[in-house]
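Peer 1:
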Amino acid sequence: MRTGCILSILTLLLCTCSSCTLLHRARILNEQYSLTHVIDELQAKAFMEYTHPDSLQTLYPVSRSQKATIERYLAHTIERGDTSQVLRLSRLLGRGDLVLHYAPERDLQARAEGCLLVGNYGEALRLATQDPAPSTATLAMCHLMTGDTVAALPLLRSVADSGPRETRLAALRILCHLCPGDIGLRKQLYRATPLDEERDYLDILYLTNAKTADTEVERMAKKLLDSHRTSPLWTASAVSICPLLVKHGLFVQLYDIVDLLDDSQPANYPYTLIREYPGEVKLLRAYETKDFVTAPQETQRTFRQKYGQITRGPNWAMTYSKGEASQTMPPPSTEMYLKIMEKLKKVFAK
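Position 223 of the sequence shown, counted from 1, bears residue number 215 in our numbering, the numbering being contiguous throughout.
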């Protein structure tokens, strides 16, 4: 009886231990699954971000807007010791140092990616070429970053045609940057990008390489002004349309676009010179919109000349003098308009 009781207790303990082990394993698997799902979502958001081709070191997406969130998950993952997820998060952050720290020696692709991210391009190429099954995306960037554009181009085209979604878009951006005259690539990128802003940018690039009417350029400028936001793509679009606005004599639109740009950026010169001619632009705007312009405010007239003999109502002058600057005159003549246009054309012809 006593032996049977002991056996029952032992059996119960074993079952309990097994249940605890199973629960622990289930919890770990659930955490791994949840983290994988989170990383997939973060990667999808990074895919939606735009990075100028000149700034790309790898074709895999690197997130800037989700940096704080990724760092939080990364710290938790490092604590758990999940190397594969640490590598995914590190690459998503663009932390090549962490990729090199955690990547196994045999994982040549991960180590090559880490070298690309830290700027050690020669070592990245050496590792990628030693890989028995190298990643086309990684190898393409290794050649590109070491200056071998001839070797990089066919690899980038291969990724752009049949690579995974996360690398295809970056490859197309680089190819369009390297081959600006390739209309086929531009159309391919137009279809692949999820960003309306990028499609606007591609539309402007098309206009710069095609014979276009003033109305098309004016319509695109209006679209940019209506959709103004602080973003690299909007700025790239605005800077790209400036030469077109000068070419077509759309100085009013140029003034409005430049007013939203940063003077300190070298790429914005000489178009920022338009800011030195606000009076001329005001007259052009009045002529083009058939609107009236404000007349110069009179400053030499005395109080009595303006208001006469005022004996009552001490606040009368204060009330009505506010409308003094609202005096208007007709828009400039065609002759004056053409003269201003010629003046501004000479400014940008220098």
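Using N, Cα and C, we set each Cβ at its ideal position, and we do this for glycine too.
So the candidates are Y247, E280, Y113, Y263; which of them puts its Cα closest to the Cα of M270?
Peer 2: Sequence index remark: in the sequence shown, residue 270 carries index 278 (1-based). With the sequence shown as reference, residue 270 is identified as Pro, and Met is not the correct amino acid for it. The shortest Cα separation from P270 among Y247, E280, Y113, Y263 belongs to Y247.
Peer 1: What's the call for T185, buried or exposed, on a 16-neighbour Cβ count within 10 Å?
Peer 2: As a first step, residue 185 is located in the sequence shown; it is residue number 193 there, counting from the start. Per the 10 Å Cβ criterion, buried.
Peer 1: Does DSSP put A202 in a helix, in a strand, or in coil?
Peer 2: Residue numbering aside, residue 202 sits at position 210 when the sequence shown is read from its first letter. Coil at A202, not helix or strand.
Peer 1: If you follow the alpha helix (DSSP H) that R98 is in, where does it begin and where does it stop?
Peer 2: As a working mapping, residue 98 is identified with position 106 in the sequence shown. No alpha helix (DSSP H) contains R98, which DSSP labels as neither H nor E.
Peer 1: Please report the straight-line C-alpha distance between I249 and Y261, rounded to a whole angstrom.
Peer 2: One-based indexing of the sequence shown puts residue 249 at position 257. One-based indexing of the sequence shown puts residue 261 at position 269. Spanning the two alpha carbons is a distance of roughly 13 Å.
Peer 1: Taking all protein chains shown into account, decide if P323 is buried (16 or more other Cβ within 10 angstroms of its Cβ) or exposed.
Peer 2: Within the sequence shown, residue 323 is the residue found at index 331, counting from 1. It counts as buried.
Peer 1: Sort A259, T227, I266 by Cα distance to L242 and report the nearest one.
Peer 2: Here residue 242 refers to the residue found at position 250 when the sequence shown is read from its first residue. It is I266 whose Cα lies nearest to the Cα of L242.
Peer 1: Please classify L242: does DSSP put it in a helix, a strand, or coil?
Peer 2: Within the sequence shown, residue 242 is the residue found at index 250, counting from 1. Here L242 sits in coil by DSSP.
Peer 1: Give a yes or no on whether the C-beta atoms belonging to D123 and L100 are separated by under 8 Å.
Peer 2: Position 131 of the sequence shown, counted from the start, is the residue given in the question as residue 123. Position 108 of the sequence shown, counted from the start, is the residue given in the question as residue 100. Taking 8 Å as the Cβ cut-off, D123 and L100 qualify as a contacting pair.
Peer 1: If I'm right that V91 touches R98 with Cβ under 8 Å, what's the distance once you round it to whole angstroms?
Peer 2: Against the sequence shown, residue 91 aligns to sequence position 99. Against the sequence shown, residue 98 aligns to sequence position 106. At roughly 14 Å, the Cβ-Cβ gap does not stay under 8 Å, so V91 and R98 are not in contact.
Peer 1: Pick out whichever of E268, D192, H68, G86 has its Cα sitting closest to the Cα of V231.
Peer 2: Along the sequence shown, one-based indexing puts residue 231 at 239. Ranking E268, D192, H68, G86 by Cα distance to V231 puts D192 first.
Peer 1: Report, in whole angstroms, the separation of the C-beta atoms of A143 and L48, which I expect to be a contact under 8 Å.
Peer 2: To locate residue 143, count along the sequence shown from 1; it is residue 151. To locate residue 48, count along the sequence shown from 1; it is residue 56. Wrong, their Cβ atoms sit about 17 Å apart, outside the cutoff.
Peer 1: Can you grab the Cα-Cα spacing for the pair K338 / E327, in whole Å?
Peer 2: For the purposes of this step, residue 338 is identified with residue 346 of the sequence shown, where counting begins at 1. For the purposes of this step, residue 327 is identified with residue 335 of the sequence shown, where counting begins at 1. Distance between the alpha carbons of K338 and E327 is about 17 Å.
Peer 1: What's the C-alpha gap between L66 and L27?
Peer 2: Position 74 of the sequence shown, counting from 1, holds the residue named residue 66. Position 35 of the sequence shown, counting from 1, holds the residue named residue 27. Looking at the two C-alpha atoms, the distance is approximately 10 Å.
Peer 1: For E190 versus P53, is the C-beta spacing smaller than 8 Å?
Peer 2: Start at 1 with the first residue of the sequence shown, and residue 190 comes out as number 198. Start at 1 with the first residue of the sequence shown, and residue 53 comes out as number 61. Cβ atoms of E190 and P53: not closer than 8 Å.
Peer 1: Please state the DSSP three-state secondary structure of H169.
Peer 2: Working through the sequence shown from its first residue, we reach residue 169 at position 177. Looking at H169 - three-state DSSP - the assignment turns out to be helix.
Peer 1: Looking at C-alpha atoms only, which residue of M133, P172, T141, G173 is the closest neighbour of R160?
Peer 2: Locating residue 160 in the sequence shown gives position 168, counting from the first residue. Ranking the options by Cα distance to R160, first place goes to M133.
Peer 1: Helix, strand or coil: how does DSSP classify G86 here?
Peer 2: In the sequence shown, counting from the first residue as 1, residue 86 sits at position 94. Of the three classes helix, strand and coil, the one that applies to G86 here is coil, per DSSP.
Peer 1: Return helix, strand or coil for V339, following the three-state DSSP convention.
Peer 2: Start at 1 with the first residue of the sequence shown, and residue 339 comes out as number 347. Helix, per DSSP.
Peer 1: By Cβ distance, which residues of its chain are closer than 6 Å to E115, with the 5 residues on each side in sequence left out?
Peer 2: The residue given as residue 115 occupies position 123 in the sequence shown. Only C107 meet the Cβ criterion.
Peer 1: Please state if the CB of C171 and the CB of L181 are separated by a distance shorter than 8 Å.
Peer 2: Within the sequence shown, residue 181 is the residue found at index 189, counting from 1. Within the sequence shown, residue 171 is the residue found at index 179, counting from 1. Not a contact, by the Cβ cut-off of 8 Å.
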